[in-house]
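Working notes, beginning with the structure itself.
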Amino acid sequence: MARILFFGRLADLAGGRERELHVGDSVRNLRELVDLIAKGDDTLGAALREKSVQTIINERISSGDAISDSDEIAFLPPVSGG
Amino acid sequence: MARILFFGRLADLAGGRERELHVGDSVRNLRELVDLIAKGDDTLGAALREKSVQTIINERISSGDAISDSDEIAFLPPVSGG
Amino acid sequence: MIRISTSPFDPGRELSVFEKNAGDAGAVVSFLGRVRGEETETVVTVLYLEHYPGVTERMLGELETEARGRWAIDEPLIIHRVGDLKPGEPIVFVCVSARHRRDAFEAADFLMDYLKTKALFWKKEITSDGERWIEPRMQDYSDVARWNERDKDS
Amino acid sequence: MIRISTSPFDPGRELSVFEKNAGDAGAVVSFLGRVRGEETETVVTVLYLEHYPGVTERMLGELETEARGRWAIDEPLIIHRVGDLKPGEPIVFVCVSARHRRDAFEAADFLMDYLKTKALFWKKEITSDGERWIEPRMQDYSDVARWNERDKDS
Numbered sequence: 001m002a003r004i005l006f007f008g009r010l011a012d013l014a015g016g017r018e019r020e021l022h023v024g025d026s027v028r029n030l031r032e033l034v035d036l037i038a039k040g041d042d043t044l045g046a047a048l049r050e051k052s053v054q055t056i057i058n059e060r061i062s063s064g065d066a067i068s069d070s071d072e073i074a075f076l077p078p079v080s081g082g
Numbered sequence: 001m002a003r004i005l006f007f008g009r010l011a012d013l014a015g016g017r018e019r020e021l022h023v024g025d026s027v028r029n030l031r032e033l034v035d036l037i038a039k040g041d042d043t044l045g046a047a048l049r050e051k052s053v054q055t056i057i058n059e060r061i062s063s064g065d066a067i068s069d070s071d072e073i074a075f076l077p078p079v080s081g082g
Numbered sequence: 001m002i003r004i005s006t007s008p009f010d011p012g013r014e015l016s017v018f019e020k021n022a023g024d025a026g027a028v029v030s031f032l033g034r035v036r037g038e039e040t041e042t043v044v045t046v047l048y049l050e051h052y053p054g055v056t057e058r059m060l061g062e063l064e065t066e067a068r069g070r071w072a073i074d075e076p077l078i079i080h081r082v083g084d085l086k087p088g089e090p091i092v093f094v095c096v097s098a099r100h101r102r103d104a105f106e107a108a109d110f111l112m113d114y115l116k117t118k119a120l121f122w123k124k125e126i127t128s129d130g131e132r133w134i135e136p137r138m139q140d141y142s143d144v145a146r147w148n149e150r151d152k153d154s
Numbered sequence: 001m002i003r004i005s006t007s008p009f010d011p012g013r014e015l016s017v018f019e020k021n022a023g024d025a026g027a028v029v030s031f032l033g034r035v036r037g038e039e040t041e042t043v044v045t046v047l048y049l050e051h052y053p054g055v056t057e058r059m060l061g062e063l064e065t066e067a068r069g070r071w072a073i074d075e076p077l078i079i080h081r082v083g084d085l086k087p088g089e090p091i092v093f094v095c096v097s098a099r100h101r102r103d104a105f106e107a108a109d110f111l112m113d114y115l116k117t118k119a120l121f122w123k124k125e126i127t128s129d130g131e132r133w134i135e136p137r138m139q140d141y142s143d144v145a146r147w148n149e150r151d152k153d154s
């Protein structure tokens, strides 16, 4: 099962900060993962597709966009620290 | 008696931070005051004439350069706070 | 040093400790960010902050390393609150020590610009009128862009 | 608030007090200047500082007023030591609170540049090799000149 993390307003939309998802052969990359999530929830899907949303796979930024069942995928809306 | 104050290295040269001086008719302005002080001490006189030395009369900067017997005249070398 | 704190901290005490360990540094600059109780037309009752545990800390460590490469500073201190904060409570505290004050000022300024726009924190204002997630102001983005412009200049 | 102190003070404690009175300020910037024990090729044993009692305080008050005219800040705190100081001891501590961090950073930076080059303090290093009166570095003069250039720009 892949581990999906939502932060900030994305967690509110997803109804939780964390979700376990079976990523089968039909989901090989980020775009397909978002498509899968969007199937059950149009609003969340649209939010994840916003340009300002960054993605971190296995705790690394820009580590490609290939996805497998053992990955942790985090969706990050614009940050606001300090 | 006018009250003369020396700060920083000028106090070291003058051998003290404060000096009372009778300012008679022959001393009407700052230049003449410095001339009077220089009479007794060439080194101090030269130091007081340095361009970097500022003067404050009666606790105000640039309040003219007229001097009388009731004044407080402070000689300030370059400052170094903070 | 990086510290993500789930409970309130006292910036004064932190400065005392930092300063006592500052060796022969001539300058210490600190920045404290606090929860404001009054925002435009609303009263904030709680500020909720979350982060990405592990990843946030690692990226802040990389930020400290970058600051130390740019300026002649010692290891900075960054403390950042998460959880529910009340108005007046410290959110973030940054301390930078250096031999000379320009380095300390610029590095602290730089760290704060990055904390505001790049560090992995998200905050939500809970006000008398409801909740809203905060995003950086345009000013924050132009503040952080200063440091890239400077790279181009040099 | 201006305070000339003949005895040591604790910057951390001062920041705590300042912060508790900072109302709804979102940002507090502090600068601490300390006695360095090692200068070029010499070891400093004592730093002696003197001021012009009454006049120094009044001019610092005018400096605070000028800073408040330039930036949207609350009343700053300036503490400055005089007398004999040992390495590691605080010389000067400046705290500035403001709604937004840019104002607090710039005003603190401005106050320090002026304290270094215009405020009526004189300091003498007593080292293993003898004594010498300190004058600002060229860097200090160019730092303070930044604020005039900015006037011309605007």
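Protein chains in written order, with the working numbering: chain A, 1 to 82; chain B, 1 to 82; chain C, 1 to 154; chain D, 1 to 154. Don't be surprised by glycine CBs; every beta carbon is placed ideally from N, CA and C.
Checklist entry - Closer than 7 Å, CB to CB, is C:R34 near chain D or not? => result Cβ-Cβ to chain D under 7 Å: yes for C:R34.
Next on the checklist: Tell me the rounded alpha-carbon separation between C:E135 and B:V79.
Outcome noted: Approximately 46 Å between the Cα atoms of the pair.
Item to check | Residues that B:L21 bridges to, as DSSP identifies them | outcome: Beta-bridge pairing links B:L21 to B:A2.
Next on the checklist: Give me, in chain order, the residues of the same chain whose beta-carbon lies closer than 6 Å to that of B:R19; leave out the 5 immediate sequence neighbours on both sides.
Outcome noted: Excluding residues within five positions, the ones whose Cβ falls inside 6 Å are I4.
Next on the checklist: Which of the three DSSP states is assigned to C:E57 in this structure?
Outcome noted: Under the three-state reduction of DSSP output, C:E57 falls in the helix class.
Next on the checklist: If contacts are defined as beta-carbon pairs under 8 Å, then C:V178 and C:P87 qualify, I think. What distance do you get, rounded to the angstrom?
Outcome noted: What the structure shows of chain C is the stretch from 1 to 154, and residue 178 of chain C is not part of that stretch, so it cannot be assessed.
Checklist entry - Are the C-beta atoms of B:G81 and some chain D residue less than 7 Å apart? => result Cβ-Cβ to chain D under 7 Å: yes for B:G81.
Next on the checklist: Against D:A67, what residues of chain B qualify as contacts under a CB-to-CB distance less than 7 Å, listed in chain order?
Outcome noted: Chain B residues near D:A67: none, gap ~15 Å exceeds 7 Å.
Checklist entry - Using DSSP with H/G/I as helix, E/B as strand and the rest coil, what is B:A66? => result Of the three classes helix, strand and coil, the one that applies to B:A66 here is strand, per DSSP.
Checklist entry - chain A partners of C:W112, CB-CB under 9 Å? => result The question names Trp, yet the displayed sequence has Met at residue 112 of chain C. Per Cβ cutoff of 9 Å: G82.
Next on the checklist: Is the beta carbon of A:A2 closer than 7 Å to that of A:L21?
Outcome noted: Yes, the pair counts as a contact, with Cβ atoms nearer than the cut-off.
Checklist entry - Less than 7 Å separating the beta-carbons of D:L111 and D:V94? => result Contact: yes.
Item to check | Where A:I56 meets chain C, residues with beta-carbon distance less than 7 Å | outcome: Using a Cβ-Cβ cut-off of 7 Å, A:I56 is close to V55 of chain C, given in chain order.
Item to check | Interface residues of chain C facing D:R13 [CB-CB closer than 8 Å] | outcome: Contacts between D:R13 and chain C, judged by CB atoms closer than 8 Å, involve G12 and S16 in chain order.
Checklist entry - Measuring CA to CA, which of A:I57, A:G64 and A:L76 is closest to A:D12? => result The option with the nearest alpha carbon to A:D12 is A:L76.
Next on the checklist: Looking only at its chain, what residues have a beta carbon closer than 8 Å to the beta carbon of C:L120, apart from the 5 residues adjacent to it on each side?
Outcome noted: By the criterion of a C-beta distance shorter than 8 Å, C:L120 is surrounded in its chain by H51, Y52, V55, T56 and M59, once the five residues flanking it on both sides are discounted.
Checklist entry - Can you tell me where the alpha helix (DSSP H) with D:D113 in it begins and where it stops? => result Residue range R101 to T117 is occupied by the alpha helix (DSSP H) that includes D:D113.
Next on the checklist: Among D:R102, D:N21, D:V144 and D:M138, whose alpha-carbon lies nearest the alpha-carbon of D:A72?
Outcome noted: That would be D:R102, whose Cα lies nearest to the Cα of D:A72.
Checklist entry - Tell me, which residues are paired with D:T6 by DSSP? => result For D:T6, which the question treats as bridged, DSSP gives no partner whatsoever.
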